[in-house]
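Sequence positions in the sequence shown follow the working numbering and run 29 to 489. For every residue, glycine included, the Cβ atom is placed at its ideal position computed from N, Cα and C.
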Amino acid sequence: MNPESAEHPILSGSVAEPKFDVGALTQAELPMSVPYQPIRKADLQPDSGGTQREVEVFFRKMVPRIPSTTYGTFGLYRYPAKFIPQVVAYTIEAYGAPGKRVIDPFAGSGTTGLVARLYGLDYDLWDLNPLLEVLHAIAVMPVQIVDISAIVREAMRSERNWLPRWSNMEYWYPAQVIPLLARVWGYHHYHHDTYVRNLLTVPLLKITRAFSFNDPQRQKLSRSPKAIQRVKSLLEGEWEQRFAQMLHDELVTVLQKMHEYQKLVGEPYEVKANVVSGVDSLQLATHCDPSWCRWDILITSPPYLQAQEYIRCSKMDLFWLGYSEEHIRSLAKQELPYKQVEPIAVRSETYERYRQTIEEAHLRQMYQRYFYAVLGTLDHLAECITERLCLFVGPATVRGRSIPIDRIFAEHFVAKGWEHEVTLIDKIAARVMFRSKVNPATGIEDKRMPTEHLVILRRSA
Ligand SMILES: C[S@@+](CC[C@H](N)C(=O)[O-])C[C@H]1O[C@@H](n2cnc3c(N)ncnc32)[C@H](O)[C@@H]1O
Numbered sequence: 029m030n031p032e033s034a035e036h037p038i039l040s041g042s043v044a045e046p047k048f049d050v051g052a053l054t055q056a057e058l059p060m061s062v063p064y065q066p067i068r069k070a071d072l073q074p075d076s077g078g079t080q081r082e083v084e085v086f087f088r089k090m091v092p093r094i095p096s097t098t099y100g101t102f103g104l105y106r107y108p109a110k111f112i113p114q115v116v117a118y119t120i121e122a123y124g125a126p127g128k129r130v131i132d133p134f135a136g137s138g139t140t141g142l143v144a145r146l147y148g149l150d151y152d153l154w155d156l157n158p159l160l161e162v163l164h165a166i167a168v169m170p171v172q173i174v175d176i177s178a179i180v181r182e183a184m185r186s187e188r189n190w191l192p193r194w195s196n197m198e199y200w201y202p203a204q205v206i207p208l209l210a211r212v213w214g215y216h217h218y219h220h221d222t223y224v225r226n227l228l229t230v231p232l233l234k235i236t237r238a239f240s241f242n243d244p245q246r247q248k249l250s251r252s253p254k255a256i257q258r259v260k261s262l263l264e265g266e267w268e269q270r271f272a273q274m275l276h277d278e279l280v281t282v283l284q285k286m287h288e289y290q291k292l293v294g295e296p297y298e299v300k301a302n303v304v305s306g307v308d309s310l311q312l313a314t315h316c317d318p319s320w321c322r323w324d325i326l327i328t329s330p331p332y333l334q335a336q337e338y339i340r341c342s343k344m345d346l347f348w349l350g351y352s353e354e355h356i357r358s359l360a361k362q363e364l365p366y367k368q369v370e371p372i373a374v375r376s377e378t379y380e381r382y383r384q385t386i387e388e389a390h391l392r393q394m395y396q397r398y399f400y401a402v403l404g405t406l407d408h409l410a411e412c413i414t415e416r417l418c419l420f421v422g423p424a425t426v427r428g429r430s431i432p433i434d435r436i437f438a439e440h441f442v443a444k445g446w447e448h449e450v451t452l453i454d455k456i457a458a459r460v461m462f463r464s465k466v467n468p469a470t471g472i473e474d475k476r477m478p479t480e481h482l483v484i485l486r487r488s489a
């Protein structure tokens with residue numbers, strides 16, 4: 029279709045939504061009106077095992093200040109295995125204070141930073157995945173009044189074209205959709221205003237995925253009959269009109285989420301944020317020296333063994349954001365637990381006991397590499413942490429056998445002189461993970477990750 033045509037559904041004004049009006053949202057119930065209730069240790073119920081140091085919790089209900097797990101820009105993007113914000117908020121309410129400094133070396137979508145900002149803490153976020161910087165920049169943007177209908181109209185008929193350097197586009201997208209994708213992404217990539225570009229990023233990524241033959245249920249990029257059927261129904265009738273409407277609705281959602289987050293922030297603190305992505309955290313950590321690097325608290329959720337491949341999951345989005353195939357491949361090689369790393373001494377009896385039960389050489393190597401890399405990174409950083417290490421993990425499996433990663437972490441740091449304060453155990457209610465009833469690798473019923481664990485370690489006096 030000729031984008032200049034007067035028959036163009038957008039030009040004919042059939043998507044006639046008003047400008048996004050910030051004022052219209054001010055009637056909504058203010059999240060800040062929920063009374064703040066500090067969490068007391070006495071509220072926590074000991075688990076049935078009765079150990080002093082393991083306590084069952086339900087993080088979702090522990091921080092009334094944050095009304096839901098996807099509230100505001102916490103729900104901007106479905107990053108795999110992301111923190112629910114309440115985990116970080118609980119930790120900061122218990123151990124943080126305005127002006128303190130936190131670091132998350134496996135920050136993913138940046139949840140730790142978004143929560144730290146609410147409580148006035150400075151933060152450093154690191155992640156291998158370049159999406160971190162993109163998502164963080166959007167999540168903390170202030171709301172401005174913008175003319176959404178005009179943005180949609182201009183994007184749909186943009187004269188600038190942009191497509192990723194991707195050899196087999198037609199394998200992933202229907203031929204008739206590619207010119208429109210080129211226009212809207214041309215509008216995005218060449219737009220002079222960073223604010224508009226940021227606003228468009230998540231809506232365009234979502235819609236571009238929706239119009240692709242890729243099956244979102246699979247970690248690896250792959251077509252499936254279900255995905256092909258989904259695209260077929262999106263292409264029925266006035267599909268460009270549908271595309272424009274989706275873009276419009278997604279833009280409204282992003283602005284609403286930004287508005288909700290800014291309401292949570294309330295009167296903003298002066299916060300220093302340092303966000304570094306696209307680099308291996310082990311490399312960064314080796315350059316940290318306690319004589320000039322200091323953080324009060326480390327809060328992180330490292331990968332859970334090989335439960336998830338983050339770069340692979342983000343591949344399609346990274347292409348559209350302008351990353352080349354070679355660049356993405358080189359990032360994937362640095363991902364834990366696949367990256368080759370120097371061995372370290374893992375000071376945990378549990379680690380050794382489980383290691384000996386893994387017979388297959390490649391699985392044993394993956395297991396060792398995982399702990400060398402994660403604990404190697406944390407060992408370097410721990411020297412720069414003055415108060416607490418807060419490590420959030422799930423009991424991932426190797427060949428159907430659950431590995432108590434949390435216990436291994438706790439034992440390792442206790443052996444290095446840290447005090448194990450408590451492990452808080454939460455039942456997972458909803459997580460963006462790839463689960464199936466039967467684990468395809470083992471044929472065993474999938475019992476992966478029934479709970480998640482927050483290990484809290486205190487620097488000994
Ligand atoms: C469980 S996710 C963290 C999710 C995060 N807590 C959030 O709320 O979005 C683990 C993260 O480790 C990152 N990661 C894996 N290997 C890495 C490496 N070598 N260096 C830095 N980050 C890495 C992944 O990209 C992923 O984002």
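Subject >> C-beta atoms of V483 and A438 nearer than 8 Å >> reply: In this structure, V483 lies near A438, with their beta-carbon atoms less than 8 Å apart.
Subject >> Straight-line gap, G404 to Y351 (C-alpha atoms, nearest Å) >> reply: Computed Cα separation, rounded: 29 Å.
**OP:** Indicate whether R129 and D150 have their beta-carbon atoms separated by less than 8 Å.
**Re:** Between R129 and D150, the gap from beta carbon to beta carbon is short of 8 Å.
Subject >> 6 Å Cβ shell around A167 - same chain, five flanking residues per side excluded >> reply: T101, L104 and L142
Original post:
Pick from P296, M394 and I356: whose alpha carbon is nearest that of E170?
Top reply: The sequence given here has Pro at residue 170, not Glu. Of the listed residues, the one whose Cα sits closest to P170 is P296.
**OP:** Hey, could you find the ends of the beta strand (DSSP E) N302 is sitting in?
**Re:** A301 to S305
Subject >> Beta carbon of T7 nearer than 8 Å to that of V116 >> reply: Residue 7 falls outside the range modelled here, since the chain spans only 29 to 489, and no answer is possible.
Original post:
Does the separation of the CB atoms of L292 and V304 fall below 8 Å?
Top reply: Contact flag unset, no.
Original post:
Taking just the CA atoms, how far does L310 sit from W320?
Top reply: 18 Å
Original post:
Using the beta-carbon count (16 or more within 10 Å), is G127 buried or exposed?
Top reply: Exposed: under 16 other Cβ atoms inside 10 Å.
**OP:** Following the continuous alpha helix (DSSP H) through T314, name the residue where it begins and the one where it ends.
**Re:** S309 to T314
Original post:
Under a Cβ-count criterion, where at least 16 other Cβ atoms within 10 Å of its own Cβ denotes burial, should S250 be classed as buried or exposed?
Top reply: exposed
Subject >> Segments assigned beta strand (DSSP E), at least 3 residues, entirely inside the stretch 130–198 >> reply: Within the stretch 130–198, the complete beta strand (DSSP E) runs of at least 3 residues are 150–155.
Subject >> Beta carbon of T328 nearer than 8 Å to that of F134 >> reply: yes
Original post:
Applying the criterion that 16 or more other CB atoms from any shown protein chain within 10 Å of the CB defines a buried residue, is T222 buried or exposed?
Top reply: exposed
Original post:
When you compare only the Cα positions, how much space is there between L391 and V426?
Top reply: 7 Å
**OP:** Determine the direct distance from the alpha carbon of A165 to that of L333, and round the result to whole angstroms.
**Re:** 29 Å
**OP:** Return the first residue and the last residue of the beta strand (DSSP E) that K455 is part of.
**Re:** W446 to K455
Subject >> Exposure of A373, with buried meaning 16 or more beta-carbon neighbours within 10 Å >> reply: It is exposed - the Cβ of A373 has fewer than 16 other Cβ atoms within 10 Å.
Original post:
Just to confirm, are I131 and L364 a CB contact at a threshold of 8 Å?
Top reply: The answer is no: Cβ separation not under 8 Å.
Original post:
Any idea if F241 is buried or exposed, counting beta-carbon neighbours within 10 angstroms, 16 or more meaning buried?
Top reply: Buried.
Original post:
How do the stretch 211–227 and the stretch 195–203 stand: do at least 3 beta-carbon pairs fall below 8 Å, yes or no?
Top reply: Below 8 Å, too few C-beta pairs join the stretch 211–227 and the stretch 195–203 to call them touching: fewer than three.
Original post:
Which residue comes first and which comes last in the beta strand (DSSP E) that contains D324?
Top reply: W323 to T328
**OP:** Could you check what DSSP says for S261 in three-state terms: helix, strand or coil?
**Re:** Helix.
Original post:
For the putative contact between E480 and F420, defined by C-beta atoms under 8 Å, what is the C-beta separation to the nearest angstrom?
Top reply: 7 Å
**OP:** May I ask you to check if the CB of A165 is nearer than 7 Å to at least one heavy atom of ligand 1?
**Re:** no
Original post:
With DSSP run on the structure shown, which of helix, strand or coil describes C341?
Top reply: Correct three-state label for C341: helix.
Original post:
Less than 8 Å separating the beta-carbons of A210 and N189?
Top reply: yes
**OP:** Look at H276 and S376 and say whether their C-beta atoms are less than 8 Å apart.
**Re:** Between H276 and S376, the C-beta gap is not smaller than 8 Å, which leaves the two residues out of contact.
Original post:
Got a sec, what are the start and stop residues for the alpha helix (DSSP H) I484 sits in?
Top reply: That residue, I484, is in no alpha helix (DSSP H); its beta strand (DSSP E) goes T479 to R487.
Original post:
What is the C-beta distance between E121 and I453, in whole angstroms, given that I count them as a contact (C-beta under 8 Å)?
Top reply: The pair is not a contact, with the Cβ atoms about 18 Å apart (cut-off 8 Å).
Original post:
Do M344 and R487 have their CB atoms nearer than 8 Å?
Top reply: Contact flag unset, no.
Original post:
Alpha carbon to alpha carbon, how far is K89 from R185?
Top reply: Inter-residue distance for K89 and R185 is about 46 Å (C-alpha atoms, whole angstroms).
Original post:
Can you name, in chain order, every residue of its own chain whose Cβ lies under 6 Å from the Cβ of P330, other than the five neighbours on each side?
Top reply: F134 and V402
Subject >> Reduced DSSP secondary structure (H/G/I, E/B, other) of R375 >> reply: Collapsing the DSSP output to three states places R375 in coil.
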